[in-house]
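*Asks:*
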Amino acid sequence: MKKRVTALCLTAALVSGILAGCGGGAAKTTEAPAQTQAESAKEEGTQAEGAKAETPAAELPKVNVKIGYELNPGEPADLGANAVKTALESDGTANWEVVLYPSSQLGNKSNLIDQMLAGDSVVTVADGLYLSDFVPDFSILFGPFLFDTWDDAWATFETDWFESINAELETKGLKVIGADWIYGERYTMSSKPIHVPDDFKGTKISVNAFPIQIKTFSNMGAAPTPMALGDVYTGLQQGTIDGLENTFTTMYNNKFHEVCKYIVWDGMVKNISLWICGADFYNSLTAEQQEALINAMHEGAKANNEAVETTSEECLKLMKEAGVEVYELSDEELALWKEATSGVYTDPEVNGSWSTPDLYNVVRAAIGK
Numbered sequence: 048m049k050k051r052v053t054a055l056c057l058t059a060a061l062v063s064g065i066l067a068g069c070g071g072g073a074a075k076t077t078e079a080p081a082q083t084q085a086e087s088a089k090e091e092g093t094q095a096e097g098a099k100a101e102t103p104a105a106e107l108p109k110v111n112v113k114i115g116y117e118l119n120p121g122e123p124a125d126l127g128a129n130a131v132k133t134a135l136e137s138d139g140t141a142n143w144e145v146v147l148y149p150s151s152q153l154g155n156k157s158n159l160i161d162q163m164l165a166g167d168s169v170v171t172v173a174d175g176l177y178l179s180d181f182v183p184d185f186s187i188l189f190g191p192f193l194f195d196t197w198d199d200a201w202a203t204f205e206t207d208w209f210e211s212i213n214a215e216l217e218t219k220g221l222k223v224i225g226a227d228w229i230y231g232e233r234y235t236m237s238s239k240p241i242h243v244p245d246d247f248k249g250t251k252i253s254v255n256a257f258p259i260q261i262k263t264f265s266n267m268g269a270a271p272t273p274m275a276l277g278d279v280y281t282g283l284q285q286g287t288i289d290g291l292e293n294t295f296t297t298m299y300n301n302k303f304h305e306v307c308k309y310i311v312w313d314g315m316v317k318n319i320s321l322w323i324c325g326a327d328f329y330n331s332l333t334a335e336q337q338e339a340l341i342n343a344m345h346e347g348a349k350a351n352n353e354a355v356e357t358t359s360e361e362c363l364k365l366m367k368e369a370g371v372e373v374y375e376l377s378d379e380e381l382a383l384w385k386e387a388t389s390g391v392y393t394d395p396e397v398n399g400s401w402s403t404p405d406l407y408n409v410v411r412a413a414i415g416k
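Converting from the sequence shown to our numbering requires adding 47 to each position, the first position being numbered 1.
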């Protein structure tokens, strides 16, 4: 079992599906006045038998779906995509044919978005930061300590606010069809111990090039340094940066533990994967097919989330065995982190782009916080 989990860990997250077709209606019949009771009974029996029979797959409209993603075979998201494929291809609303394209075989994310906007039946995975280029409100999903639990995150996607930004995204040609996929909880890894915000002073931390992440670390006194993931190892090795933030799985698979020996268990961001397709494609489906698609995405999320939990635990264990020290914050220290980062949500460079006023409090109130 350990070998299997370690293999998952080694392939998981080097950076964390499917679609539906057409349906049919039931035929309506009426009894002719000249029929005898016997003939009528016989016909009704035949109709009842026919109603029980499933429509042969050959008679259902064929729907070809391409699911493309940058993650590799065996990673949690790939396992989830396979579960989506299985769920759709066993569904009776269409003759589904779902083809998976891991490892960017169908193109990078920008290529896939272009295909979606052109009307192709393509599905891929994104997150709040990526989608904020289309609808800025999405970026709050990467805000520090926005969610206390994963259940808080799932509750967010049932709110009127999320429905409204997804509707706005549809006007840009895209639609979120899966929002309960865990990418992972993100932690800070550094070349020196960090326990409280003051420890960040003078520390260069690799971040995504989005204001909400840049402001999160600058508010704690760090020097946030936007950098591509592929450059982080060399940056740590050469001292260009002193740390990074990411999931345990990403840290381990990129071997950051070889050159960076301290992790603080801050969990500032609960990183959710958002699966999307083209709005035109989604709206071409019947209501039954749309429901089948959404349900298949939920099945995929179950497989993905289970694998994420397993690989995350194993990757953390392997990093500890390699000499990485993990520091768990006390309640008092965690409160200092939350206080230091709270100003992010009122920073004009961050909330100035949001269309929803006082967005942080809107989201927190919507989930009962």
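All C-beta atoms, glycine included, are put in the ideal place defined by N, C-alpha and C.
Given a cut-off of 8 Å on the beta-carbon distance, is the pair leucine 363 and phenylalanine 295 in contact?
*Replies:* Contact: yes.
*Asks:* Are asparagine 351 and tryptophan 228 closer than 8 Å when you measure CB to CB?
*Replies:* Taking 8 Å as the Cβ cut-off, asparagine 351 and tryptophan 228 qualify as a contacting pair.
*Asks:* Are the CB atoms of glycine 225 and valine 355 within a distance shorter than 8 Å?
*Replies:* Not in contact: valine 355 and glycine 225 (Cβ atoms no closer than 8 Å).
*Asks:* Apply the 10 Å Cβ neighbour rule to proline 183 and answer buried if 16 or more other Cβ atoms are within range, or exposed otherwise.
*Replies:* Counting Cβ neighbours within 10 Å, proline 183 comes out buried, since at least 16 surround it.
*Asks:* Measuring alpha carbon to alpha carbon, tell me which residue in Glu305, Asn255 and Lys113 is nearest alanine 369.
*Replies:* The residue with the shortest Cα to Cα distance from alanine 369 is Glu305.
*Asks:* Beta-carbon within less than 8 Å of aspartate 174's beta-carbon, same chain only, minus the 5 sequence neighbours each way: which residues are those?
*Replies:* If we look at aspartate 174 and ignore the five residues flanking it on each side, its Cβ neighbours are Leu188, Phe189, Tyr230, Asn318, Ile319, Ser320 and Leu321.
*Asks:* Measure the alpha-carbon distance for lysine 308 versus glutamate 380 and round it to whole angstroms.
*Replies:* Each residue's alpha carbon lies about 20 Å from the other.
*Asks:* Less than 8 Å between the beta carbons of valine 373 and isoleucine 288, yes or no?
*Replies:* Taking 8 Å as the Cβ cut-off, valine 373 and isoleucine 288 do not qualify as a contacting pair.
*Asks:* Would you mind sorting alanine 124 into buried or exposed? The rule is 16 or more other CB atoms within 10 Å of its CB.
*Replies:* Buried: at least 16 other Cβ atoms inside 10 Å.
*Asks:* Should the stretch 161 to 177 be called in touch with the stretch 325 to 332, which here means at least 3 C-beta pairs below 8 Å?
*Replies:* Yes, since at least three Cβ pairs between the stretch 161 to 177 and the stretch 325 to 332 fall closer than 8 Å, the two stretches touch.
*Asks:* What does DSSP give as the partner residues of lysine 239 in its beta bridges?
*Replies:* Paired residues: none, contrary to the question.
*Asks:* Per DSSP, which residues does proline 148 bridge with? Please list them.
*Replies:* It should be pointed out that residue 148 corresponds to tyrosine in this sequence rather than to proline. Tyrosine 148 is bridged to Gly115.
*Asks:* Within its chain, find whatever has a CB closer than 6 Å to the CB of glycine 154; leave out the 5 residues flanking it on each side and keep chain order.
*Replies:* Closer than 6 Å at Cβ, skipping near neighbours: no residue.
*Asks:* How about valine 3 and proline 191: are their beta carbons less than 8 Å apart?
*Replies:* This structure leaves residue 3 out entirely; the chain is present only between 48 and 416.
*Asks:* Between which two residues does the alpha helix (DSSP H) carrying alanine 275 extend?
*Replies:* No alpha helix (DSSP H) holds alanine 275; DSSP gives it neither H nor E.
*Asks:* If you measure between the beta carbons of alanine 339 and aspartate 138, is that distance less than 8 Å?
*Replies:* Result yes, Cβ atoms of alanine 339 and aspartate 138 sit closer than 8 Å.
*Asks:* So, valine 254 versus glutamate 292, is the Cβ gap smaller than 8 Å?
*Replies:* Yes, these two residues count as a Cβ contact at 8 Å.
*Asks:* Sort Thr171, Trp401, Arg233 and Thr393 by Cα distance to glutamate 215 and report the nearest one.
*Replies:* The candidate whose alpha carbon is nearest that of glutamate 215 is Trp401.
*Asks:* What does the alpha-carbon distance come out to for the pair glutamine 260 and asparagine 119?
*Replies:* Going by the C-alpha atoms only, they are around 26 Å apart.
*Asks:* Here's a check: name, in chain order, each residue in its chain whose Cβ is nearer than 7 Å to the Cβ of lysine 222, leaving out the five neighbours to either side.
*Replies:* Contacts found: Asn213, Leu216, Ile323, Cys324, Ala326 and Tyr329.
*Asks:* To the nearest whole angstrom, what separates the beta carbons of threonine 388 and methionine 267, a pair I think is in contact under 8 Å?
*Replies:* That belief holds up - the Cβ atoms of threonine 388 and methionine 267 are roughly 7 Å apart, short of 8 Å.
*Asks:* Just how far apart, CA to CA, sit proline 149 and glycine 115?
*Replies:* Cα to Cα, the separation comes out at about 6 Å.
*Asks:* Which residues in the same chain as valine 279 place their Cβ atom closer than 6 Å to its Cβ, once the five residues preceding and following it in sequence are excluded?
*Replies:* Correct list, in chain order: Ser253 and Leu291.
*Asks:* Where are the alpha helix (DSSP H) runs, 4 residues long or more, that stay fully inside the stretch 145 to 215, in chain order?
*Replies:* Complete alpha helix (DSSP H) runs here, min 4: 156 to 164, 175 to 178 and 197 to 203.
*Asks:* Is lysine 109 closer than 8 Å to valine 146 when the C-beta atoms are compared?
*Replies:* No.
*Asks:* So which of Ala348, Phe204 and Glu396 has the shortest CA-CA distance to threonine 133?
*Replies:* With distances taken between Cα atoms, threonine 133 lies closest to Ala348.
*Asks:* Can you list, in chain order, the residues of its chain with a C-beta nearer than 8 Å to that of alanine 256? Leave out the 5 residues immediately preceding and following it.
*Replies:* Within the same chain, alanine 256 has close Cβ partners Pro273.
*Asks:* Could you check if alanine 214 belongs to the surroundings of the ligand SAH, using beta carbon to heavy atom distance under 7 Å?
*Replies:* Absent from the structure shown: the ligand SAH. Ligands present: none.
*Asks:* Apart from the five residues on each side of it in sequence, which residues of its chain come closer than 7 Å, Cβ to Cβ, to serine 186?
*Replies:* These residues qualify, in order along the chain: Gly175, Leu176, Ser179, Phe257 and Ile259.
*Asks:* Since valine 110 sits in a beta bridge, which residues does DSSP pair it with?
*Replies:* Beta-bridge pairing links valine 110 to Trp143.
*Asks:* Where does the unbroken beta strand (DSSP E) through glutamate 372 begin, and where does it stop?
*Replies:* Where glutamate 372 is concerned, the enclosing beta strand (DSSP E) stretches over 372 to 375.
*Asks:* Taking buried to mean at least 16 other C-beta atoms within 10 Å of its own C-beta, is asparagine 111 buried or exposed?
*Replies:* So asparagine 111 counts as exposed.
*Asks:* Does proline 240 pass the burial test, meaning 16 or more other C-beta atoms within 10 Å, or should it be called exposed?
*Replies:* The residue in question, proline 240, is exposed, as its Cβ has fewer than 16 Cβ neighbours within 10 Å.
*Asks:* Buried or exposed, going by whether 16 or more other CB atoms sit within 10 Å of the CB of proline 244?
*Replies:* Under this definition proline 244 is a buried residue.
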